[in-house]
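Each remark here refers to the structure printed beneath this line.
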Amino acid sequence: MTKDPEAPSVVPPTFVLVHGMWHGGWAWERVAELLEAGGYRCVRVTLPGKDRAPGDPTFRGHCDHLDRVLAGIPGDVVLVGHSYGGAVLTEVGAAPNVRAMIFVSAFCLEPGESVASVNDAETGSQAGADDIRQVGDYLVIDPEIARHAFYHDCTSDEATSAVERLTPEHAGIRVAVVSHAAWRAVPSHFVICTLDRACTPEVQRMMAARLESSSELAASHSPMLSMPQAVTRTILEFSSRHCAPLGGVS
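With this note's numbering, you'll find the sequence shown wraps up at 254, consecutive numbering, no jumps.
This is how it looks when you write it as structure tokens:
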């Protein structure tokens, strides 16, 4: 019998959290702690990259890595992606065990689009093509630019800690074109960050309109660091529509 993708599961899902450019699984630590305190299993993915994790650092390598992660998880999965992580979700998120996806200021792309083609099409981004540098095969973002663009509503200590953990990103991932739109097949939600300086709210709303639902947070580009409880509540609220009954976060 074919499994109804809209039918609630009996066992709570595993939450698989995917980071954005220059970041790692560490970016989701506070959200994962809240989910795990509620009894849920989390996997914080760290995509391959220089000074980060072994493996193919390209977009294809990232997609293959997430494919392997999903294949190794028994039961249902809710995928959550931040920023560039949304492009990876877009490409491979329609895996058989994925029940729902949540895009947190993330690139929910149409086939033929890339992070660069969408983010650079509108003015206003403070982490766009003119704000990053290419060094060899990798892109880097200067600490003060990152602090201002990604973490302006975090505490000074939080912002410093995050900036110190950023790693170079393969230049190809920013211009890599997606060939699938998994969000067409998987129930998906978009979290618009209305104070975002990296991916402007206007660009986010354009992508959010593609999905069945969206919500807004008065947050920077990194609400998983500055507003982890609000992000966790949103994850659980949307997931509860498509998975087993889930508890909340106070």
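For every residue, glycine included, the Cβ atom is placed at its ideal position computed from N, Cα and C. None of the values given here were measured: they were computed from a predicted structure.
Do the CB positions of residue i and residue j come within less than 7 Å of each other?
i: V49; j: V73; result: yes
i: G24; j: H86; result: yes
i: C197; j: A223; result: yes
i: G89; j: V182; result: no
i: H27; j: P52; result: no
i: D200; j: H225; result: yes
i: P227; j: A104; result: no
i: D242; j: L215; result: As written in the sequence, residue 242 is Phe, which differs from the Asp given in the question. Contact: no.
i: A131; j: A99; result: no
i: A133; j: F111; result: no
i: R169; j: W32; result: no
Which residue comes first and which comes last in the alpha helix (DSSP H) that contains residue i?
i: I145; result: Premise fails: I145 is in no alpha helix (DSSP H) and is neither H nor E.
i: M210; result: P205 to A212
i: A220; result: Note that residue 220 is Glu in the sequence shown here, rather than Ala. E220 -> not in any alpha helix (DSSP H); beta strand (DSSP E) instead, spanning S217 to L221.
i: V35; result: E33 to A41
i: C247; result: Premise fails: C247 is in no alpha helix (DSSP H) and is neither H nor E.
i: G89; result: G89 to V96
i: R169; result: S160 to R169
i: V122; result: V119 to N123
i: R64; result: F63 to A75
i: S255; result: An answer regarding residue 255 cannot be provided, because it is not within the stretch 5 to 254 covered by the chain.
Looking only at its chain, what residues have a beta carbon closer than 8 Å to the beta carbon of residue i, apart from the 5 residues adjacent to it on each side?
i: T18; result: Y44, R45, C46, V47, I77, G79, D80, V81 and V82
i: V96; result: C67, L70, D71, L74, H184 and A186
i: I239; result: F19, V35, L39, V82, V84 and I106
i: A180; result: T62, F63, R64, A91, S118 and V119
i: M5; result: Residue confidence is low: M5 scores 34 on pLDDT, short of 50, so the model does not pin down where it sits. No coordinate-derived value is stated.
Using the DSSP secondary-structure output, state which residues sit across from residue i in a beta bridge.
i: M25; result: DSSP output for M25 lists no bridge partner at all.
i: L83; result: V20 and M105
i: H174; result: Y142
i: G53; result: A57
i: R257; result: Nothing can be reported for residue 257, as the shown portion of the chain is limited to 5 through 254.
i: R48; result: L21
i: R137; result: V144
Along the chain, where does the beta strand (DSSP E) containing residue i start, and where does it finish?
i: C197; result: S192 to C197
Once you ignore the five residues that flank residue i on each side, which residues in its own chain have a CB closer than 6 Å to its CB?
i: R178; result: V119 and A120
i: K7; result: Below a pLDDT of 50, predicted positions are generally treated as unreliable, and K7, at 43, falls in that range; the measurement from the model is reported next regardless. Nothing meets the Cβ criterion.
Can you name, in chain order, every residue of its own chain whose Cβ lies under 7 Å from the Cβ of residue i, other than the five neighbours on each side?
i: R151; result: A163 and V167
i: P115; result: V182, S183, H184 and A185
i: P236; result: First, the residue type needs correcting, since residue 236 is Thr and not Pro in the sequence shown. V35, L38, L39 and V253.
i: D161; result: none
i: A56; result: Here the sequence assigns Arg to residue 56, which means Ala is not the residue at that position. The residues are G28, T50 and T171.
i: N123; result: S129, G132, C203 and V207
Does any residue of chain C bring its CB to less than 7 Å from the CB of residue i?
i: T236; result: As a matter of chain content, chain C is missing from the structure shown, which is built from one protein chain.
Review point. Does the segment 50 to 70 come within contact of the segment 228 to 241, defined as at least 3 CB pairs closer than 8 Å?
Key: As far as the Cβ criterion goes, the segment 50 to 70 does not touch the segment 228 to 241, which means the pair count is below three.
Review point. With contact counted as at least three CB pairs below 8 Å, one residue from each stretch, are the segment 131 to 146 and the segment 164 to 179 in contact?
Key: Inter-segment contact for the segment 131 to 146 and the segment 164 to 179 is present: three or more beta-carbon pairs are separated by less than 8 Å.
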